[in-house]
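Numbering-wise (full-length UniProt numbering), the sequence shown opens with residue 1 and increments by one.
Glycine included, each C-beta is placed from N, C-alpha and C at the ideal position.
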Amino acid sequence: MNNGISKGAPKGAIVGVDVGGTFTDLFHYDEARGSFRTAKVPSNRGDEAVGFLAGLRSFGPVAELGSIVHGTTVGTNALLERKGAKVGLITTAGFRDVLEMRRRDRRHTWGLWGDFVPVVDRDMRLEVAERTLADGTIRSAIDPEEVRACARRLADQGAEALAIVFINAYANPANELAALEAAREVWPNANVECSSRILPEIREFERTSTTALNAYLQPVVGSYLAKLDNALAGEGFGGRFHIVQSNGGVMSTDTARRLPVRTALSGPAAGVIAAAAISKAAGFPNVITGDLGGTSFDVSLVVEGQTMLAAQTTIDFGLVVRTPMIEITTIGAGGGSIAGVDPGGMLQVGPESAGSRPGPVCYGQGNTRPTLTDANVLLGRINAERPIGGKLARLDVDAARTAIATHVAEPLGLDVMAAAEAVVRIANSKMAGAIRLVSIERGHDPAKFAAVPFGGGGALHVGALIKEVGLKAALVPRFPGVTSALGCVIADIRHDQVQTVNLPLAGIDAGSLDRRMVEEATAARAVVESAGLSVERIDLVFELDMHYIGQTHTVAVPLPVSVENGSTGIDESTIRAAFERAYQASFSRLLPGVGAKIVNLRTAAIGRRPHFDLSALAPAAGTTVEGAYAGSRPVWFDGAWHETAVYNRLELPVGAVIQGPAILEQPDATTVIDPDLSARVDGFGNVIVERSGR
């Protein structure tokens with residue numbers, strides 16, 4: 001649905017920056033010349049601006065850059081580690097405990113006790129006399145002085161951010177907006193918002209949870225972005241600075257400060273966007289992405305080149321965010337995952353991680369417990385003399401050996417090499433389980449999918465992912481370690497809005513709905529246009545949440561309409577046909593004679609970024625397999641040492657075929673080709689790994 005072209009493309013190159021716990025990855029793209037460069041520098045946990053600027057300076061003067069797009073894990077980490085701000089909540093009398101009641105679920109279904117602690121303590125949740133009915137009628141208006149008194153009390157109790165959530169505010173936000181105005185008069189900072197400006201949608205728990213988590217992140221994300229803004233200003237940067245959203249789109253830093261909950265999966269989402277684009281161009285529209293970092297393994301499904309979006313995501317038990325996000329499943333199996341034997345004598349790998357400080361034992365920074373990275377180093381799969389990222393001159397193999405012997409081999413009565421291989425196998429099994437979760441358990445045949453491993457360690461495990469899950473192949477991107485940074489560069493600009501309408505379909509006032517859709521589209525489009533990045537066009541996408549009357553769960557119903565001459569042309573028959581298509585696709589049947597109901601209207605404005613020609617990543621002409629050969633070394637596979645050829649991966653030509661066992665090394669990642677697998681280089685420089693003989 002082409003709805004116009006945005007003008008005013010920024011001058012200068014665009015840089016994608018993905019800040020991880022261990023490394024900061026950057027992708028520099030000069031749109032005018034069609035050229036690119038990459039960089040990987042150590043992160044500086046606690047003061048990420050140091051690594052952020054170091055990476056940018058590697059491309060030249062920061063002031064000459066046109067725009068910077070950043071994928072961040074600050075919000076993700078704050079939620080998972082429960083390190084957000086102290087939050088105060090003002091709500092309708094009688095609804096103080098919505099966050100604790102949730103949906104009457106439990107962390108442990110059959111347990112006698114619950115151990116969930118909401119992000120807002122009970123004494124920080126205050127009630128006011130207010131009541132808005134479900135039809136939008138205001139039965140009891142707020143008393144502004146009562147709101148101000150509550151805000152003062154919460155500020156005195158140490159609240160750093162304030163959330164205001166009134167029952168039925170989705171139907172009429174007047175009371176909430178009046179309370180917001182009153183609270184701002186006395187609140188000591190800008191960290192105050194209400195639910196109708198974040199999620200004007202029915203269902204009080206999801207709305208309260210999303211608004212509270214937004215407040216929980218506001219000071220954390222806001223201070224982080226302010227620090228980066230100040231650092232960039234100090235370098236004379238005058239271009240645009242944007243943040244990747246959890247839905248795979250890009251937003252301004254101003255929007256990110258107001259709606260930080262939309263950054264909850266920012267970093268992982270950027271990688272999925274890039275992996276989807278790369279695999280589709282390479283002829284693999286159906287893939288399962290796997291981002292292996294230092295702490296976690298993030299998995300996502302891409303079907304026919306399209307990422308899967310979820311309207312709601314549970315970041316951790318009880319931490320429900322209702323905003324469009326790319327569906328990503330995360331497990332604690334990263335390079336820094338600690339291996340050890342539990343009291344029952346079972347080998348465990350993760351979820352506890354050594355993090356970036358001190359990191360794996362082989363980093364020599366004080367850790368004594370072995371990690372997955374230590375096992376890969378000991379097995380010869382990682383070159384100890386050429387560690388990625390330039391953080392260390394070499395890795396300490398002997399220290400890794402001692403740690404694995406002490407904590408794994410001796411307790412299990414194994415040889416140290418068998419113990420290292422066991423660590424890798426346990427990690428592989430956990431990764432395979434995550435892939436099965438998003439494929440087989442959702443009705444997809446993994447034999448029709450390829451894996452796209454990226455991140456610093458993903459390509460080390462391609463063989464196991466193919467063989468354990470039954471995938472048809474693996475596609476290793478040209479620069480696996482900076483795939484998320486590439487995703488920042490090619491991600492579209494996107495803004496999503498939702499509004500509850502709660503109307504029966506039969507006899508609907510199509511004119512009124514049309515006007516509401518046009519208003520929503522105009523507002524969403526304005527946000528995209530204000531971003532200041534060059535786009536080829538702006539698409540407007542409408543979707544309804546609908547169900548049959550009497551049901552509670554909704555189905556997403558895409559509407560085949562666009563805004564033309566100030567109208568969508570929507571009518572009842574168009575909506576009914578779209579609903580029946582969506583319901584049939586989800587449940588393979590319809591319910592004739594039962595009326596349908598529209599619950600929510602969802603609107604997205606998507607600014608389509610200029611096409612990125614992925615062939616620019618292809619190897620230069622004149623490269624040869626012989627020239628890429630870098631000797632051999634022994635590598636441990638299946639209980640024995642194998643003399644293994646080593647290649648400089650970036651020097652392999654298009655069409656090169658490498659038979660395993662082989663190691664492909666490059667500055668940002670290492671790819672391991674098992675003895676029974678082979679690899680070939682496609683026209684985009686990707687390495688396609690398949691079973692030998694295919």
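Judged by beta-carbon spacing, Ala-151 lies within the 8 Å limit of Ala-183, meaning their Cβ atoms are closer than that value. Remark: C-beta atoms of Val-349 and Cys-362 do not approach each other more closely than 8 Å. For Lys-467, the enclosing alpha helix (DSSP H) covers residues 462 to 469. Beyond the five residues adjoining it in sequence on each side, Pro-411 comes within less than 6 Å, by CB distance, of Val-341 in the same chain, given in chain order. Classified as buried, Ser-266 has 16 or more neighbouring CB atoms from the shown chains inside 10 Å of its CB. In this structure, Ile-68 lies away from Gly-234, with their beta-carbon atoms at least 8 Å apart.
In the DSSP assignment, Phe-23 falls within the beta strand (DSSP E) that extends over 23 to 30. Met-325 and Ile-288 have their C-alpha atoms some 17 Å from each other.
In the structure shown, Gln-218 adopts helical secondary structure according to DSSP, grouped into three states. The way I'd put it, the stretch 243 to 259 doesn't touch the stretch 423 to 442; fewer than three beta-carbon pairs between them come closer than 8 Å. By alpha-carbon distance to Leu-89, the top candidate from Val-244, Arg-131, Arg-425 and Ala-155 is Ala-155.
In this structure, DSSP gives His-611 a state outside helix and strand, which the three-state scheme calls coil. Close CB contacts of Gly-683 within its chain, under the 7 Å cut and outside five residues either way in sequence, are with Ser-615, Ala-618 and Val-654 (chain order). Within 10 angstroms of the beta-carbon of Leu-79 lie 16 or more other beta-carbons, which makes it buried.
Between Ala-269 and Leu-225, the beta carbon gap of about 17 Å keeps them out of contact (Cβ cut-off 8 Å).
Beta-carbon to beta-carbon, Ile-490 and Arg-609 are separated by about 6 Å, close enough to satisfy the 8 Å threshold. Three or more Cβ pairs drawn from the stretch 543 to 550 and the stretch 585 to 597 lie within less than 8 Å of each other, which places the two stretches in contact.
Ranked by Cα distance from Ser-512, the first of Ala-459, Ser-567 and Val-476 is Ser-567.
Spanning the alpha carbons of Ile-688 and Asp-668 requires a straight line of approximately 18 Å. The DSSP-derived three-state label of Met-251 is strand. If you look at Val-408, you'll find it isn't in any alpha helix (DSSP H); DSSP assigns it neither H nor E. Asn-367: not part of any beta strand (DSSP E); DSSP gives it neither H nor E. DSSP, reduced to helix, strand and coil, places Gln-348 within a strand of the structure shown. Counting the other CB atoms within 10 Å of its CB gives Val-221 a total of 16 or more, which places it among the buried residues. DSSP places Met-546 within a strand segment (E or B) once states are collapsed to three. CA-to-CA, the gap between Ala-354 and Glu-421 works out to about 19 Å.
Following the DSSP letters along the chain, one finds Ala-434 in no beta strand (DSSP E) but inside the alpha helix (DSSP H) bounded by residues 416 to 438. Annotation: the continuous beta strand (DSSP E) that includes Lys-40 extends over 35 to 42. Taking every protein chain shown into account, the CB of His-108 has fewer than 16 other CB atoms within 10 angstroms, so this residue is exposed.
Of the other Cβ atoms in all chains shown, fewer than 16 fall within 10 Å of the Cβ of Ser-692; this residue is therefore exposed.
Closest in alpha carbon position to Gly-456, among Pro-446, Pro-477 and Gly-481, is Gly-481. Restricting attention to alpha helix (DSSP H) runs no shorter than 4 residues, the stretch 609 to 661 encloses them at 625 to 628, ordered along the chain.
DSSP, reduced to helix, strand and coil, places Val-62 within a helical segment of the structure shown.
Measuring C-alpha to C-alpha distances from Gly-66 to each of Ala-54, Glu-48 and Val-15 identifies Val-15 as the nearest. For the pair Val-563 and Gly-569, the Cα-to-Cα distance works out to about 8 Å. For Leu-199, the secondary structure class from DSSP, reduced to helix, strand or coil, is coil.
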